[in-house]
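Quick notes on the structure that follows.
In mature numbering (1 follows the signal peptide of the UniProt record, and there is no 0), the protein residues as written are -25 to -1, 1 to 415.
If you want it as structure tokens, here you go:
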């Protein structure tokens, strides 16, 4: 009898650059009457491969450019994890960890896809000085068999670490940054429980930790190259749903966002699919924030943080200057892509540095407008002490959201659950079970 499989990839980013080390935790187990073994498909030698190192197989090019090598490494590790349970193979879940520090004295990050010789912006980003965009210390608890009585066995493993490089975690976390992710099988449902914890520090006040379900091929949200993932069929609006259980154990304060679900994709402003041209590609995100301390920046006196219009459940278009009918409190913020040529004033441009190309964000809050699709209706729904299993009609909701120059069918490259912390004021801790992504 074959033991259920679980595969994880972990990406460590600085502002979504492609220059990152990539780790994979990939294991398969066989459950037999006489023994239960775990077979690790990815070895530490695979994880330690870096720019210029030759791959164990010749199908992948050992580029000396770290950006190009990162692409090849993800494809190589994906080949080790590939599962052929149908004509279309799948690879792994993705856990994404990001450091929001940005040193404006460097020119590492492009500006809306453009390489620049100097960063000139009045936007404020955290950075304690040279080296603030460092990669973290990461410790890997390799997956192992755990027993529950005579018959019940499962797999359990995880990662943990810190961005504070002078930290000795064996003596405790203290005032330092900390992240941890662990997984184990839910024996009653057959799904996997993913538990995460994220703590910021004074040097690293903006950190992000996500569980992602990416498509197995094509462009996933935030990346300018084809990656690997777990979704064999790319969901298209309005015809797909997501079922997941979320139990938020601890909230991280008013400056901490927690996404019940983030849907991400990539298409050009004329509706064409992305092709890797960072000057014309646009990453698109929609995020449901369930931290009740997160307020609406979209207001009557701040229309630039509202989408130009709202589409009601009945299909009616309501413009943001219709002050008696526009549901301002249903939105946290909207920001427009920096490469848009015909943006409707007033507008605010999304952060031009945190993606390889321009990006567009629609961040929504619990509100009766979204409840018709299974989303939370009220502030506090699904938060600490109110764990729930959600069946979200993501496709129907996405078809109601405004995106710039939209004449297209949204094809979602990734689905994400996780937290963003932008201050040193507490810890986010949650458990998630992503139980399925299905086409209607």
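Where is the CB? At the ideal position from N, CA and C, for every residue including glycine.
Values in this document were obtained by computation on a predicted structure and should not be read as measured data.
Compare the C-alpha of residue i against each of the options and name the closest.
i, options, result
"residue 39", "28, 92, 32, 201", "28"
"residue 254", "138, 334, 117, 237", "334"
"residue 375", "345, 393, 359", "345"
"residue 252", "90, 378, 41, 184", "90"
"residue 392", "267, 361, 337, 220", "220"
"residue 274", "265, 284, 267, 266", "284"
"residue 140", "151, 130, 132", "151"
"residue 272", "364, 304, 363", "304"
"residue 372", "215, 73, 144, 77", "215"
"residue 230", "269, 36, 96", "269"
"residue 364", "290, 261, 218, 202", "218"
"residue 170", "177, 179, 181, 185", "185"
"residue 201", "354, 353, 53", "53"
"residue 102", "77, 377, 109, 110", "77"
"residue 315", "32, 378, 261", "378"
"residue 122", "338, 12, 248, 36", "12"
"residue 343", "287, 49, 142, 243", "287"
"residue 176", "194, 192, 138", "138"
"residue 263", "298, 338, 194", "338"
"residue 261", "238, 242, 249, 278", "238"
"residue 265", "244, 180, 357, 249", "357"
"residue 153", "181, 250, 242", "181"
How many whole angstroms separate the CB atoms of residue i and residue j, which I take to be in contact at a CB cut-off of 8 Å?
i, j, result
"residue 112", "residue 75", "Not quite, the Cβ-Cβ distance comes to about 18 Å (not below 8 Å), so this is no contact."
"residue 359", "residue 228", "Their Cβ separation, rounded to whole angstroms, is 12 Å, which puts residue 359 and residue 228 out of contact at 8 Å."
"residue 331", "residue 341", "With 8 Å as the limit, residue 331 and residue 341 do not qualify as a contact, their Cβ atoms being about 31 Å apart."
"residue 116", "residue 104", "The pair is not a contact, with the Cβ atoms about 32 Å apart (cut-off 8 Å)."
"residue 236", "residue 369", "7 Å"
"residue 367", "residue 348", "7 Å"
"residue 21", "residue 55", "7 Å"
"residue 222", "residue 362", "4 Å"
"residue 35", "residue 47", "5 Å"
Is residue i buried or exposed, if buried means 16 or more other CB atoms sit within 10 Å of its CB?
i, result
"residue 280", "buried"
"residue -5", "Any reading at residue -5 is ruled out, since the residue's pLDDT is 44, under 50, leaving its predicted position unreliable."
"residue 174", "buried"
"residue 321", "exposed"
"residue 82", "exposed"
"residue 289", "exposed"
"residue 17", "buried"
"residue -25", "With a pLDDT of only 25 at residue -25, under 50, the local geometry of the prediction cannot be trusted, and the value read off the model is given with reservation. Flag for residue -25 reads exposed."
"residue 307", "buried"
"residue 147", "exposed"
"residue 62", "exposed"
"residue 178", "buried"
"residue 256", "buried"
"residue 95", "exposed"
"residue 198", "buried"
"residue 80", "exposed"
"residue 295", "buried"
"residue 291", "exposed"
"residue 246", "exposed"
"residue 194", "buried"
Please list, in chain order, all residues of the same chain as residue i whose beta carbon is under 6 Å from its beta carbon, the five residues on each side excluded.
i, result
"residue 7", "Reliability of the predicted coordinates at residue 7 is poor, the pLDDT of 45 falling under 50, and the value obtained from them is presented with this limitation in mind. Once the five neighbours on either side are set aside, residue 7 has no close Cβ partner at all."
"residue 187", "69, 71, 389, 391"
"residue 395", "183, 232"
"residue 190", "204, 206, 209, 388"
"residue 107", "76, 78"
"residue 155", "135, 172"
"residue -12", "Note that residue -12 scores 42 on pLDDT, short of 50, meaning its location in the model is unreliable and no value can be drawn from it."
"residue 87", "313, 314, 327, 333"
"residue 300", "293"
"residue 157", "133, 170"
"residue 380", "244"
Opposite residue i in the DSSP bridges: which residues?
i, result
"residue 165", "Beta-bridge pairing links residue 165 to no other residue."
"residue 174", "153, 402"
"residue 259", "240, 335"
"residue 206", "190"
"residue 394", "184, 233"
"residue 119", "131"
"residue 114", "135"
"residue 159", "131, 168"
"residue 284", "294"
"residue 99", "Residue 99 is not bridged to any residue."
Quick one: residues in its chain with C-beta nearer than 8 Å to the C-beta of residue i, no 5 flanking neighbours on either side, listed in chain order?
i, result
"residue 325", "310, 311, 312, 313, 333, 334, 335, 336"
"residue 224", "359, 404, 405, 406"
"residue 114", "134, 135, 136, 144"
Using C-beta distances below 7 Å, list every residue in its chain close to residue i, excluding the 5 sequence neighbours before and after it, in chain order.
i, result
"residue 450", "Outside the shown range of the chain, which is -25 to 415, sits residue 450, and nothing can be said about it."
"residue 354", "267, 341"
"residue 302", "285, 342, 344"
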